[in-house]
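Asks: If you scroll down you'll find the structure; I have some questions about it.
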Amino acid sequence: MAVQTVASTTDNATDTVTVDLGPAAALSCRECGHRVPLGPVFACEECFGPLEIAYDFSAYDTEELRRQIEAGPANIWRYAPLLPVPADVATKPNINPGWTQLVKADNLARELGVTGGLYVKDDSGNPTHSFKDRVVAQALEAARAFGFTTLSCSSTGNLAGAVGAAAARAGFRSCVFIPHDLEQGKVVMAAVYGGELVGIEGNYDDVNRFCSELIGDPAGEGWGFVNVNLRPYYAEGSKTLAYEICEQLGWQLPDQLVVPIASGSQLTKIDKGLQELIKLGLVEDKPYKIFGAQAEGCSPVSVAFKGGHDVVRPQKPNTIAKSLAIGNPADGPYVLDIARRTGGAVEDVNDEQVVDAIKLLARTEGIFAETAGGVTVGVTRKLIEDGVLDPTLTTVVLNTGDGLKTLDAVAGTGLTATIRPNLDSFREAGLA
Ligand SMILES: Cc1ncc(COP(=O)(O)O)c(C=O)c1O
Ligand SMILES: [Zn+2]
4 MAVQTVASTT DNATDTVTVD LGPAAALSCR ECGHRVPLGP VFACEECFGP LEIAYDFSAY
64 DTEELRRQIE AGPANIWRYA PLLPVPADVA TKPNINPGWT QLVKADNLAR ELGVTGGLYV
124 KDDSGNPTHS FKDRVVAQAL EAARAFGFTT LSCSSTGNLA GAVGAAAARA GFRSCVFIPH
184 DLEQGKVVMA AVYGGELVGI EGNYDDVNRF CSELIGDPAG EGWGFVNVNL RPYYAEGSKT
244 LAYEICEQLG WQLPDQLVVP IASGSQLTKI DKGLQELIKL GLVEDKPYKI FGAQAEGCSP
304 VSVAFKGGHD VVRPQKPNTI AKSLAIGNPA DGPYVLDIAR RTGGAVEDVN DEQVVDAIKL
364 LARTEGIFAE TAGGVTVGVT RKLIEDGVLD PTLTTVVLNT GDGLKTLDAV AGTGLTATIR
424 PNLDSFREAG LA
């Protein structure tokens with residue numbers, strides 16, 4: 004793998020450090036294509052568009068690469084040749100997420116009338132119980148490569164926990180920012196790792212704005228904000244969901260995917276991952292459709308999609324799906340492009356439908372999803388009912404987080420009965 008000379012951390016732009024960033028070749032502007040050397044930058048100097056990683060995969064032999072991946076570890080690093088990480092990552096402390104279960108959801112399929120094969124990619128199985136471990140694992144390696152010693156982020160909850168855990172494992176300081184009124188499960192899960200956790204009086208969009216200010220201030224100097232100045236690297240972690248789904252399906256593309264949307268980063272990178280697998284010849288090229296899922300109380304992308312608009316108009320979130328409550332999603336327009344290009348759609352469900360879907364998934368498949376998983380399952384159901392999602396095709400639904408973090412959503416669920424410890428009492432309760 005190529006060793007690259009990259010711009011180093013902070014204020015002295017003339018400094019360079021030499022690190023191995025795998026096959027990553029440069030940062031490229033998503034809007035105008037302008038390329039800059041790899042570094043902790045995230046916005047194009049020409050047009051302020053978002054920067055993303057451009058790769059040089061030209062040296063890879065498809066079958067050799069497939070063998071290398073299959074012989075790799077049971078975590079995201081099996082895809083290291085396709086990720087912007089130092090090659091010796093295995094020797095450094097990281098939370099090593101990924102290779103989560105792809106559950107063949109036959110019971111759920113029966114309930115929903117899906118005949119073409121229904122799967123749940125269950126990312127609640129990651130170290131801090133959400134898909135955010137994938138993106139943080141990448142950002143941590145980038146932070147290390149660029150010489151940062153503090154990890155930070157603005158978070159709707161899950162990212163805070165993932166950053167706290169990764170920083171603890173790797174010996175970084177962490178200081179993360181969340182809306183002050185998140186679910187207790189998310190707050191505890193983020194605080195327990197011992198880093199600093201700051202509640203901001205405002206919603207996620209306020210938190211994010213604050214972090215952008217902090218980055219430009221001496222107080223934030225030397226900090227790696229995983230979803231801001233490390234965003235190009237962070238975002239690549241979501242590609243591993245696409246890689247895993249295809250590998251677990253026997254190196255095949257699914258026909259349809261249902262993906263939750265907060266900022267939209269995950270959905271766009273799943274598409275990028277699928278495109279890379281096609282280009283590399285690791286899967287046979289065929290059409291696939293990507294469907295985006297939002298909660299009605301925070302549905303700026305869904306509203307734009309259904310209205311036929313290219314512009315995503317910001318909303319003030321009000322939903323129990325707090326992990327998805329980003330009213331001004333950075334990647335919203337790109338999500339619209341992908342849904343339209345692939346023939347998918349973006350849909351939303353209300354809070355009641357989210358709760359119903361959490362219970363449906365739990366009852367049929369033994370998977371306890373957080374509210375974001377309720378959103379994807381609920382939207383899947385709605386899209387089938389509306390004839391938008393084809394039940395005769397292979398469909399993968401993402402569950403990106405663990406229900407234990409959003410217990411309040413199903414607070415009415417509890418004991419069937421309370422009985423005295425004898426059989427008469429058991430019979431009296433009608434349980435015999
Ligand atoms: C559980 C869960 N699923 C999905 C998402 C969506 O992520 P993105 O911002 O990449 O759209 C988030 C974001 O916080 C999340 O916490
Ligand atoms: Zn640009």
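Heads up: the sequence shown begins at 4 in our numbering, then just goes up one per residue. Ideal Cβ positions, reconstructed from N, Cα and C, are used throughout, including at glycine.
Quick one: does the C-beta of Asn-161 sit closer than 7 angstroms to a heavy atom of ligand 1?
Replies: Result yes, Cβ under 7 angstroms from ligand 1.
Asks: Cβ of Arg-316 within 8 angstroms of Cβ of Ala-328?
Replies: Cβ atoms of Arg-316 and Ala-328: not closer than 8 angstroms.
Asks: Provide the residue span of the beta strand (DSSP E) that contains Ala-74, from first to last.
Replies: Run containing Ala-74: none; DSSP gives neither H nor E here.
Asks: Please state the DSSP three-state secondary structure of Glu-431.
Replies: Note: Glu-431 maps to helix in three-state DSSP.
Asks: Taking the alpha-carbon positions, what's the Val-413 to Val-358 distance?
Replies: The straight-line gap from Cα to Cα measures roughly 7 angstroms.
Asks: I'd like the span of the beta strand (DSSP E) that includes Gly-202, first residue to last.
Replies: Its beta strand (DSSP E) spans residues 199 to 203.
Asks: With respect to the alpha helix (DSSP H) encompassing Phe-213, which residues constitute its N-terminal and C-terminal limits?
Replies: Per DSSP, Phe-213 belongs to the alpha helix (DSSP H) from 207 to 218.
Asks: So, are the CB atoms of Val-380 and Leu-363 less than 8 angstroms apart?
Replies: Cβ atoms of Val-380 and Leu-363: closer than 8 angstroms.
Asks: My assumption, with CB atoms under 8 angstroms, is that Leu-111 sits in contact with Ile-387. Please give the rounded CB distance.
Replies: 11 angstroms between Cβ atoms; not a contact.
Asks: Report buried or exposed for Leu-30, applying the criterion of at least 16 other Cβ atoms within 10 angstroms of its Cβ.
Replies: Classification of Leu-30: buried, given that the 10 Å Cβ count is 16 or more.
Asks: Who does Ile-181 pair with in a DSSP beta bridge?
Replies: Paired residue(s): Gly-202.
Asks: Which value, in whole angstroms, describes the spacing of the CA atoms of Leu-154 and Phe-45?
Replies: Roughly 16 angstroms separates the two Cα atoms.
Asks: Would the beta-carbon of Tyr-52 be found less than 7 angstroms away from any heavy atom of ligand 2?
Replies: In the sequence on display, residue 52 carries Gly and not Tyr. At least one heavy atom of ligand 2 is nearer than 7 angstroms to the Cβ of Gly-52, so yes.
Asks: Cα separation between Ala-90 and Asp-340?
Replies: Because Ala-90 carries a pLDDT of 49, less than 50, the predicted location of this residue cannot be relied on, and the following value inherits that uncertainty. Approximately 33 angstroms, taken between the alpha carbons.
Asks: Nearest by alpha-carbon distance to Leu-256: which of Thr-345, Ile-422, Gly-202 is it?
Replies: Ranking Thr-345, Ile-422, Gly-202 by Cα distance to Leu-256 puts Thr-345 first.
Asks: With distances taken Cα to Cα, identify the nearest neighbour of Gly-36 among Arg-212, Glu-55, Phe-134.
Replies: Taking only the C-alpha atoms, the option nearest Gly-36 is Glu-55.
Asks: Would a C-beta distance cut-off of 8 angstroms place Glu-247 and Trp-80 closer than the cut-off?
Replies: No.
Asks: Should Leu-407 be counted as a contact of ligand 1 given a C-beta to heavy atom distance under 7 angstroms?
Replies: No, Cβ of Leu-407 sits at least 7 angstroms from all heavy atoms of ligand 1.
Asks: Using C-beta distances below 6 angstroms, list every residue in its chain close to Ala-238, excluding the 5 sequence neighbours before and after it, in chain order.
Replies: Only Ser-268, Lys-272 meet the Cβ criterion.
Asks: Below 8 angstroms on the Cβ atoms is my contact criterion, and I expect Ala-140 with Asn-97 to pass it. Report the Cβ-Cβ distance as a whole number of Å.
Replies: Going by Cβ atoms, the distance from Ala-140 to Asn-97 rounds to 5 angstroms, so yes, they are a contact pair.
Asks: Leaving out the 5 sequence neighbours to the left and right, which residues in its chain are closer than 6 angstroms to Ala-432 when beta-carbon positions are compared?
Replies: So the list reads Ala-420, Ile-422, once near-sequence residues are dropped.
Asks: Please state whether DSSP places Pro-303 in a helix, a strand or coil.
Replies: Note: Pro-303 maps to helix in three-state DSSP.
Asks: Check this for me: beta carbons of Ala-333 and Ala-342, under 8 angstroms apart or not?
Replies: No, these two residues do not count as a Cβ contact at 8 angstroms.
Asks: Okay, do the region 366 to 380 and the region 277 to 285 touch, 3+ Cβ pairs below 8 angstroms being the bar?
Replies: The region 366 to 380 is not in contact with the region 277 to 285.
Asks: Would you mind reading off the limits of the alpha helix (DSSP H) that contains Asp-109?
Replies: Its alpha helix (DSSP H) spans residues 109 to 115.
Asks: What separation, rounded to the nearest whole angstrom, lies between the Cα atoms of Arg-69 and Gln-104?
Replies: C-alpha separation (whole angstroms): 20 angstroms.
Asks: Please list the segments of the alpha helix (DSSP H) lying wholly inside the region 223 to 277, counting only runs of 4 or more residues, in order along the chain.
Replies: If we require 4 residues or more, the alpha helix (DSSP H) runs fully inside the region 223 to 277 come out as 234 to 239, 242 to 251.
Asks: Enumerate, from N- to C-terminal direction, the unbroken alpha helix (DSSP H) stretches of 4 or more residues contained entirely within the region 348 to 427.
Replies: List check, alpha helix (DSSP H) in window: 354 to 368, 374 to 388.
Asks: Could you check if Leu-426 is buried or exposed, using at least 16 other CB atoms within 10 Å of its CB as the buried criterion?
Replies: With fewer than 16 other Cβ atoms within 10 Å, it is exposed.
Asks: For Pro-26 and Leu-85, what's the separation of their Cα atoms in angstroms?
Replies: Using only the alpha carbons, I get a separation of about 7 angstroms.
Asks: To the nearest angstrom, report how far apart Ser-127 and Asn-321 are at their CA atoms.
Replies: When rounded, the distance between both Cα atoms is 24 angstroms.
Asks: For Ala-146, does the three-state DSSP call read helix, strand or coil?
Replies: Helix at Ala-146.
Asks: Regarding Lys-362 and ligand 4, is the C-beta to nearest heavy atom distance less than 7 angstroms?
Replies: Inclusion of ligand 4 in the displayed structure is not the case, the ligand content consisting of ligand 1 and ligand 2 alone.
Asks: Do you know offhand how far Asp-354's Cα is from Ser-302's?
Replies: Taking the straight line joining both Cα atoms gives about 12 angstroms.
Asks: Taking the beta strand (DSSP E) that Gln-297 belongs to, which residues open and close that run?
Replies: 292 to 298 is the extent of the beta strand (DSSP E) around Gln-297.
Asks: Does the beta-carbon of Glu-34, which I'm using as the reference point, lie nearer than 7 angstroms to any heavy atom of ligand 2?
Replies: Indeed, a heavy atom of ligand 2 lies less than 7 angstroms from the Cβ.
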